[in-house]
Each structure stands twice: as C-alpha cells, then as structure tokens.
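Q: Here my numbering is used: the first residue of the sequence shown is 207, the next is one more, and so on. One structure, pasted below without further comment.
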Amino acid sequence: MRGPVADLGATLMHEHVFGLSPEILWNWPDIPERRDIRQAAAKLDALKAEGIDTIVDLTVVGLGRYVPAVQEVAALTEVNIVAATGLYTYDALPPYFGNRGPGSLFGGPDRLAEFFVRDIAEGIGRTGVKAAILKCATDKPGMTRGCERVFRAVAEAHLETGAPITTHSSEPGGLEQQRLLAECGVDLTNVVIGHAGDSTNLAYLEELLAGGSSLGMDRFGIDTFCSFEDRVATLVTLCERGHAGRLVLGHDSYCFNDRFDADVVRRRHPDYQLLHIPRDVLPELRKRGVTEEQITQMLVDNPRRILGGL
Ligand SMILES: [Zn+2]
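Right, here's the structure in full:
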C-alpha cells in the first residue's frame, strides 16, 4: 500500500480506514458488521478528487487493525494508504502482553518490540504490507506502566528500523511522552506529538516544538475537544510564528468505525469526515493569511520528511 516516499504527495498524517471490535462481532451476531470496502474506497476517491494523495492509517493493535481489508480498499482507490504498527492503550496492556515480559506475572522477554520491528521490516501478518510509522498513546491517566512498556518498545523499534513515531496525546501529556522517548535515546525530530491541535495553549505547544517534535494538528472536525474556530486560530498563530515546517494535518477520521453510531456522529459532528480539511480548513487558512508555501509544507514537505526516515 505504501508507495515510494517521494510520491506521497499531499498527505493527511492521522486517519483510519476501519476501526473494528472483532470480539464483539464474533460473539453477538445480531450486531451487523457494516464494514464496506467499496464505500471506504469511494470516500478515499472523493478525497483524491480534492487533491489529497495519501493517508497515514494509524489503526494499530487495540483499534481493530486488520490489514487484509485495508488492502482491498487500497486496490480500489488511487489514494495511497500508509500502514502503521504499535499498540493503542491508555492504561493496561492486553493480557497477552501484560502477563509476559519484565515485571509481569510470568516474566520472560517482552515481545512488543519484536512484533513492531517485524511489521516494519517484513510486513504485517501475512500481507507483506510493511508498516512505515510507529504509534503509541497516553491519555488522561498519564504514563501508566502499560503505556510505558509500549513507549519503550516503540523507541526500541524506532532505533532499530528508523521508522518515525507518532503519538496519541492529551495536554499536558505530550511533554511526558517526549521525556520518556528522549530518555530511550530517540531524537525527537523523528516524533509527531499527535492530537496536539486539541490544545489552544500556545506555551504548551511551543514547549513541545522546542523539544524538537512535530505537532499533529490532526483532529479537525472533532469539535467536542476543540472548536473549528479555535483549531484554525491556533494553527494560524503557529504559522505566523514560523512553525509551519513542523506541523502536520489530519482529522483522525474513520471510513468506518463500529465504535460509533455513524448517524449520531454525522448529526453531532457534521465536519468529522475526510473532506473537511480540503473543503473547509484550507480555504479558511488561506483567508487568514497562511501562504501556499506553508500549506505545502504542512501537507507535502513535512510528511515526506517525517516518513522519509525509512
Ligand atoms: Zn486516531
């Protein structure tokens, strides 16, 4: 699914194709699985028509990653889909990992980094699709023991493969993420602090930038965490202050996600969809003085530089 890095073009750095809950679907068959390959491809085709060439699909283990289905979508659309590896938890590890590894009930080696490296070097599952970026998360509970193990494994896989790192964060947690990754020997220029754009706290955002990371302004359309007006205003200010070379864009949207009721989401968050950035956000940025050069930096140059580490 991943094309040559030079061909990424305009790239949204934090999206998802499918978010699935396989154990729910296995056990309560009256819950229909509405994942629709053609519909997902059509949504991506519409994105291509708006000038976006690539999405980075940050669906990792913990979010229902199933790459064979994404491959089917990729075969039907011209949008390039970049795959990720890593593990998504805000707290404990899934028991498979939680009961193994250092400090666990049964001890033994920690296999997280081994699996992440395999996804990058050999491919995911039996698909042959190689992951191009590592993902880890913390949220309100902060750097729990489970999260810390994921971060340490992600750092190890990064140091071994060169694949960049992106995070799910919640203010002020990005700073703690940077501290741990730096302690593990990661050069923070290889790290995107994701969901930084949920914050309007410029002192916090500039502290993250001073640490060397890029910032994910990557939840456009999720008004619950931050309004359109506030997201745009913060982005414009960061551009005015000379940071466009360190910002990447996205919606954190899903073509299909069984964790939400699609009709309720459409009603409550009408802009939480893939076309919001090209149709609404970019025109508003231009209106407020963000230059074409800065937009190209955020959409094309920065993703290429970040993903070009491989
Ligand atoms: Zn996400």
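We put the CB at the ideal spot given by N, CA and C, even for glycine.
Pick out whichever of C342, S420, M349, S376 has its Cα sitting closest to the Cα of V360.
A: C342
Q: In chain order, what residues of the same chain lie with their CB nearer than 6 Å to the CB of T295, ignoring the 5 residues before and after it?
A: G268, G352
Q: Distance check for G368 and L516, CA to CA, integer angstroms please.
A: Because the pLDDT of L516 is 45, which lies under 50, any placement of that residue in the model is unreliable, and the question is left without a value.
Q: Between which two residues does the beta strand (DSSP E) harbouring F466 extend?
A: First-last for F466: undefined, no H or E at that position.
Q: Taking 7 Å as the cut-off, does the CB of D458 come closer than this to any heavy atom belonging to ligand 1?
A: yes
Q: Quick check: is any heavy atom of ligand 1 less than 7 Å from the C-beta of L218?
A: no
Q: Taking just the CA atoms, how far does H475 sit from H457?
A: Going from the Cα of H457 to the Cα of H475 covers about 12 Å.
Q: Quick check on the DSSP output: what are the complete beta strand (DSSP E) runs of length 3 or more inside the region 377–416, in order along the chain?
A: 397–399
Q: Is L455 near ligand 1, judged by its Cβ being under 7 Å from some heavy atom?
A: no
Q: Taking the alpha-carbon of D263 as reference, which of L386, Q500, Y272, G257 has the nearest alpha-carbon?
A: Y272
Q: Which ranges does the alpha helix (DSSP H) cover as unbroken runs of at least 4 residues, wholly within the region 415–448, from first to last along the chain?
A: 434–446
Q: Just the Cα atoms here: how many angstroms apart are R452 and D236?
A: 46 Å
Q: Contact between the region 410–429 and the region 394–401: three or more CB pairs below 8 Å?
A: yes
Q: Could you spell out where the beta strand (DSSP E) holding G309 opens and where it closes?
A: Careful: G309 lies outside any beta strand (DSSP E) and carries neither H nor E.
Q: Starting from L218, trace the alpha helix (DSSP H) in both directions and tell me its first and last residue.
A: Element bounds for L218: not the alpha helix (DSSP H) but the beta strand (DSSP E), 217–225.
Q: Below 8 Å between beta carbons: does that hold for R355 and L318?
A: yes
Q: DSSP three-state call for V262: helix, strand or coil?
A: Strand at V262.
Q: What's the C-alpha gap between L411 and N508?
A: 17 Å
Q: For G348, which beta-bridge partners are listed by DSSP?
A: According to DSSP, which records beta bridges pairwise, G348 is partnered with nothing at all.
Q: With a threshold of 8 Å between beta carbons, is Q503 in contact with chain B?
A: Structure shown: chain B not included; a single protein chain is present.
Q: Can you give me the Cβ contacts of R241 inside the same chain, cut-off strictly under 6 Å, excluding the 5 residues immediately before and after it?
A: F224, F462
Q: Nearer than 7 Å: is that true of the beta carbon of L581 relative to any heavy atom of ligand 1?
A: In this structure the chain extends from 207 to 516, so residue 581 is not present and cannot be described.
Q: Got a sec? Which residues, its chain only, sit under 8 Å from G403 by beta carbon, not counting five neighbours each side?
A: L421, G422, M423, D424, R425, F426, C432, R437, T440, L441
Q: Could you check whether the Cβ of H222 sits closer than 7 Å to any heavy atom belonging to ligand 1?
A: yes
Q: Which residues in the same chain have their Cβ closer than 7 Å to the Cβ of P378, if we skip the five residues on either side of it in sequence?
A: Taking C-beta separations shorter than 7 Å and ignoring five residues to either side along the sequence, the partners of P378 in its chain run Y410, following chain order.
Q: With E413 and L381 assumed to form a contact (beta carbons below 8 Å), what rounded beta-carbon distance in angstroms separates them?
A: 6 Å
Q: Would you list the residues sitting across from V267 in a DSSP beta bridge?
A: L293
Q: Please go through the same chain and pick out, in chain order, the residues whose beta-carbon is closer than 8 Å to the beta-carbon of I483, but skip the five residues on each side of it.
A: L218, I258, F426, L455, G456, H457
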